[in-house]
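Reviewing the structure listed below.
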Amino acid sequence: MTNIAPTQSNDNAQLTKPADWAIHMVTASLKFNSANTRMSTYPTPDAARLDILNTLNWFEAHDEYAWPDFTARGFDFNQAMRFRRALVNDVFAGLQKAGTVRITSETGGLATPNSERGRDVRGRVGDGSSMAERKRQCKRLDDSDTEVDSDEGETSIWNDKGFLAEVMIELVGRTQLDLEDLSKSERVAETLADLVQDSIVESAL
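For the sequence shown, the positions run 518 to 722 when my numbering is used.
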């Protein structure tokens, strides 16, 4: 997949997501999930997106996460911020489908977002739980979320980057891999896929 020319100045122009977008989604989703072992509930989708943004910013401030450097690819500041917002939105959509993020209108309750989130992320990081254990605690609450609508039946699964990223998040969550320990040479799709496959095979033996 080829990025659009970064010389476009129209802020409303559509930007083509980079080819490694799915990897950015997986990394951001796992980092957000590492801050909480329980399902997170929010009153609105925007509240959830804001919490994802604030949580990732907190991790970045403590050198535990780095936003993708879109400006290094030739995009200007406004375009880079649009990509960042798009990443937060896609992470929210993936986590919502996975059942780890819920909106109160879906549950029928009047709960507010977990008060711990945003106030003290540090208190919920480093609890010693493996990523696989955390993901197993966040089972899907509605299997119907994985069903494909009839009007999407003609869309090839290989073109659905969001769905493929969601699958990758689920697979990595079943392993003992720590993405933060991966070297730069390992942060490519093929290498990460091999590591995930090997880890799953080893755990099944």
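Note that the Cβ used here is the ideal one computed from N, Cα and C, for glycine as well.
Review point. Where do the N-terminal and C-terminal ends of the alpha helix (DSSP H) with Thr572 fall, by residue?
Key: 562-578
Given Pro562 as reference, the closest of Ala610, Asn550, Gln531, His579 once Cα atoms are compared | Ala610
How many whole angstroms separate the CB atoms of Ala615 and Ile569, which I take to be in contact at a CB cut-off of 8 Å? The pair is not a contact, with the Cβ atoms about 13 Å apart (cut-off 8 Å).
Next on the checklist: Would Leu573 and Val689 be called neighbours here (beta carbons separated by less than 8 Å)?
Outcome noted: no
What did DSSP end up calling Arg601 once you bin it into helix, strand or coil? helix
Buried or exposed, going by whether 16 or more other CB atoms sit within 10 Å of the CB of Asn595? exposed
Where do the N-terminal and C-terminal ends of the alpha helix (DSSP H) with Ser546 fall, by residue?
-> 538-550
Exercise. Output the distance between the C-alpha atoms of Asp677 and Asp711, rounded to the nearest integer angstrom.
Key: 21 Å
Exercise for the section: For Thr558, write down the residues that DSSP places opposite it in a beta bridge. Expected result: Arg619
Check your understanding: Where do the ends of the alpha helix (DSSP H) carrying Gly690 lie?
Key -> 678-690
* Which term fits Ser551, buried or exposed, when burial requires 16 or more other beta carbons within 10 angstroms of its beta carbon? -> buried
* Does the beta carbon of Gly611 sit closer than 8 Å to a beta carbon anywhere in chain C? -> No chain C appears in the structure shown, which is made up of a single protein chain.
Original post:
Leaving out five residues before and five after Arg601 in sequence, what residues of the same chain have Cβ atoms less than 7 Å from its Cβ?
Top reply: Trp584
- Task: May I ask you to report which of helix, strand or coil DSSP gives Gly611?
- Result: helix
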